[in-house]
Every structure is written in C-alpha cells, then in structure tokens.
Amino acid sequence: MRILLALVLMVVMGGVVGVGGVAQASEEPYRDPDVTRGPCAYTKTPDDPAARPVKLPPDPRRTPDRGRVEVLLKTNQGDIPLVLDRAQAPCTVQSFLHLVEKKFYDATTCHRLTAYPTLKVLQCGDPSGTGERGPGYKYKDELPTNLPPAPNDPTGERRIYPRGTLAMANAGPDTNGSQFFLVTADSTLRPNYTVFGKIKPEGLRTLDKVAASGIKPTPDNPAPVDGSPAKPVDIKRAKKDC
C-alpha cells in the first residue's frame with residue numbers, strides 16, 4: 001500500500017493520540033530553509049512501474065520555489081480547488097503540476113476515505129484505483145516543520161495536519177510519487193508527509209459531503225473507518241486554474 005501504512009498500523013495497535021481544539025493553518029507564505037531547491041532528482045522505479053504512461057518531470061537546476069499555483073480537481077461530487085505552495089515544497093509542486101499537465105489524474109478515482117478519530121482524509125492519485133500504484137518515479141521528502149504540536153502526546157513527535165491541508169502520500173521515507181491526500185478534519189500524524197498546499201473552501205464543502213456519506217461497508221465490516229468512500233469520488237479532470 002502506497003500511503004500511510006505505518007500510520008494505519010499505529011492506529012490499529014492502539015491509536016496515535018487524541019486531537020483537542022481546532023488547528024488553524026497559517027495564511028502567511030511559509031519558507032522552509034531545508035526544502036529542496038533543485039535539482040529534485042526524480043528517480044525511476046523499475047520495480048514499481050507507472051500505472052499510466054508518463055515521463056519524469058522537468059528538473060531544472062533551480063526548481064521554481066516562489067509563488068502559488070491554483071489547480072482545480074473536477075469531480076463527480078463537485079469541484080475541489082487547490083492552492084499549491086511552491087515555497088513550501090518546490091519539488092512536490094513541480095511533480096504535481098507535471099502530472100496534471102500530462103492528464104495523469106484525469107479519469108481516476110479517490111480510492112480511500114478514513115474516519116479514524118485521529119485521521120480523517122480522502123486519498124487520491126492512483127490511476128489503478130488500488131492504492132498500490134504511482135507514476136513510475138519517486139523523489140525526496142520536503143517535510144513540514146511548522147505544524148502545530150498535537151496536545152497530550154507523550155512522545156512530543158506528533159503534529160496536527162489541519163483541516164484543509166494538501167499532502168503527499170508515501171510508502172516510507174523519500175518515496176513520494178503521485179498519490180496525495182486531502183485532510184477533511186484535523187488529523188494527528190508524525191510529520192512524515194510532505195505538505196504542499198491547501199484546499200479552498202469550495203473544495204472543503206465537497207469533501208464534507210463525501211465524508212458525511214461515510215465509508216462503503218464490506219461483508220466483514222459493516223461499519224468501517226477505513227476503505228472506499230460510500231459516495232465514490234471520481235476525478236474527471238485535473239487542470240491548472242489560471
């Protein structure tokens with residue numbers, strides 16, 4: 001499984017931590033001195049071939065690291081507009097925009113919805129719809145350092161990924177590809193997932209509708225907290241919104 005596998009294991013084995021209060025994402029531009037400025041060194045993954053043919057992203061000597069770019073996910077449940085922040089994660093934004101331009105996300109389904117007390121996300125970005133595939137390449141993490149700490153966390157390691165956060169899924173360190181997740185409510189995680197933008201209010205309204213419909217039951221679990229959305233979310237088209 002491409003994303004949040006370690007997190008799910010922690011949840012099953014006793015939970016992460018409870019989240020108290022509401023975390024607010026800062027509206028100020030954020031610049032992490034440790035993020036990659038380029039080249040990004042996108043690397044092919046022969047053992048994990050692309051779910052849909054796509055070349056490596058452009059990798060200039062200095063990756064654009066200023067400004068914001070808007071992307072619109074047009075879905076069967078409504079529009080989900082996103083704002084990508086180049087300063088926060090230059091290589092991630094470069095890759096995501098490349099996949100948008102190459103129509104990698106078009107006609108794909110968001111395969112996973114979670115409703116754990118500490119993890120509420122919609123996961124998308126795998127054209128196979130299984131959560132196992134990606135673009136046939138990987139690149140390094142650009143991890144956040146400005147997330148608020150989770151309250152009552154004895155380890156002091158967990159952070160709040162606020163509602164409205166746009167972040168990359170992964171299968172371990174430096175395995176970013178095409179899968180991403182949309183945070184529908186404040187979620188508690190170790191800061192091991194690259195944050196590269198935010199979801200605009202219109203998109204949150206669409207996601208609230210999806211989350212309210214819950215997760216599709218299975219014969220073994222009539223009330224799951226992790227699985228396919230009961231209300232399927234199909235990305236009809238992803239496009240740069242000028």
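The sequence shown: position 82 = 82 (full-length UniProt numbering), numbered continuously.
Using N, Cα and C, we set each Cβ at its ideal position, and we do this for glycine too.
Length of the line joining the Cα atoms of residue i and residue j
i, j, result
"Pro117", "Gly197", "23 Å"
"Ser26", "Pro201", "Residue placement at Ser26 is flagged as unreliable, the pLDDT there being 36, under the threshold of 50; a coordinate-derived value is accordingly withheld."
"residue 244", "Asn221", "With the chain running from 1 to 242 in the structure shown, residue 244 is simply not present."
"Pro162", "Val183", "7 Å"
"residue 277", "Glu142", "In this structure the chain extends from 1 to 242, so residue 277 is not present and cannot be described."
"Asp65", "Leu73", "23 Å"
"Gly134", "Phe181", "14 Å"
"Leu99", "Thr63", "16 Å"
"Pro224", "His111", "14 Å"
"Thr145", "Arg158", "11 Å"
"Gly218", "Gly38", "Per the sequence shown, residue 218 should be read as Thr rather than Gly. If I take the Cα positions, the gap works out to 45 Å."
"Tyr137", "Met168", "14 Å"
"Leu119", "Asn152", "16 Å"
"Glu101", "Lys239", "7 Å"
"Asp85", "Ala41", "20 Å"
"Ala23", "Pro148", "In this prediction, Ala23 scores a pLDDT of 34, lower than 50, which makes its location untrustworthy; the coordinate-derived value is nonetheless stated afterwards. Straight-line Cα distance between these residues: approximately 7 Å."
"Val55", "Gly164", "Note that residue 55 corresponds to Lys in the displayed sequence, not to Val. Roughly 30 Å separates the two Cα atoms."
"Gln179", "Thr45", "15 Å"
"Val69", "Lys140", "21 Å"
"Ser95", "Lys216", "31 Å"
"Asn176", "Asn170", "5 Å"
"Gly227", "Tyr105", "20 Å"
"Pro229", "Arg61", "41 Å"
"residue 244", "Pro90", "Limits of the chain in this structure are 1 at one end and 242 at the other, which puts residue 244 out of reach."
"Asp47", "Thr92", "21 Å"
"Asn192", "Lys103", "27 Å"
"Leu97", "Gly67", "14 Å"
Boundaries (first-last residue) of the beta strand (DSSP E) holding residue i
i, result
"Pro81", "Gly78 to Asp85"
"Val121", "Lys120 to Cys124"
"Cys110", "Thr108 to Cys110"
"Thr188", "Ser187 to Leu189"
"Lys239", "Val233 to Lys240"
Of the listed residues the options, nearest to residue i (C-alpha basis)
i, options, result
"Ile160", "Pro224, Leu204 and Val195", "Val195"
"Ala212", "Lys236, Leu204 and Pro151", "Leu204"
"Pro232", "Lys44, Pro90 and Thr109", "Thr109"
"Asp241", "Gly67, Val71, Lys44 and Pro58", "Val71"
"Asp186", "Pro90, Asp85, Thr114 and Pro39", "Thr114"
"Asp234", "Ala89, Gly172 and Gln77", "Gln77"
"Lys236", "Arg68, Val69, Ala107 and Lys138", "Ala107"
"Lys209", "Thr165, Ala89 and Thr75", "Thr75"
"Pro154", "Lys140, Lys44, Gly164 and Arg190", "Arg190"
"Ile199", "Val121, Ser178 and Thr175", "Val121"
"Leu207", "Pro58, Ile80 and Asp47", "Ile80"
"Thr43", "Ser228, Tyr193 and Asp174", "Asp174"
"Cys124", "Cys91, Leu166, Pro90 and Ala89", "Leu166"
For residue i, the residue or residues it bridges with in DSSP
i, result
"Gly131", "For Gly131, which the question treats as bridged, DSSP gives no partner whatsoever."
"Asn176", "Tyr139"
"Pro149", "Arg159"
"Leu182", "Leu122 and Leu166"
"Gly197", "Leu84 and Leu166"
"Gly227", "Leu113"
"Asn221", "Thr218"
"Ala50", "Gly134"
"Thr43", "Lys138"
Alpha helix (DSSP H) segment containing residue i, residue limits
i, result
"Val100", "Pro90 to Glu101"
"Leu73", "Where Leu73 is concerned, there is no enclosing alpha helix (DSSP H), although the beta strand (DSSP E) it sits in stretches over Arg68 to Thr75."
"Ala211", "Pro201 to Ser213"
**Item:** Validate contact between the segment 47-59 and the segment 125-133 using beta carbons, cut 8 Å, 3 pairs
**Value:** yes
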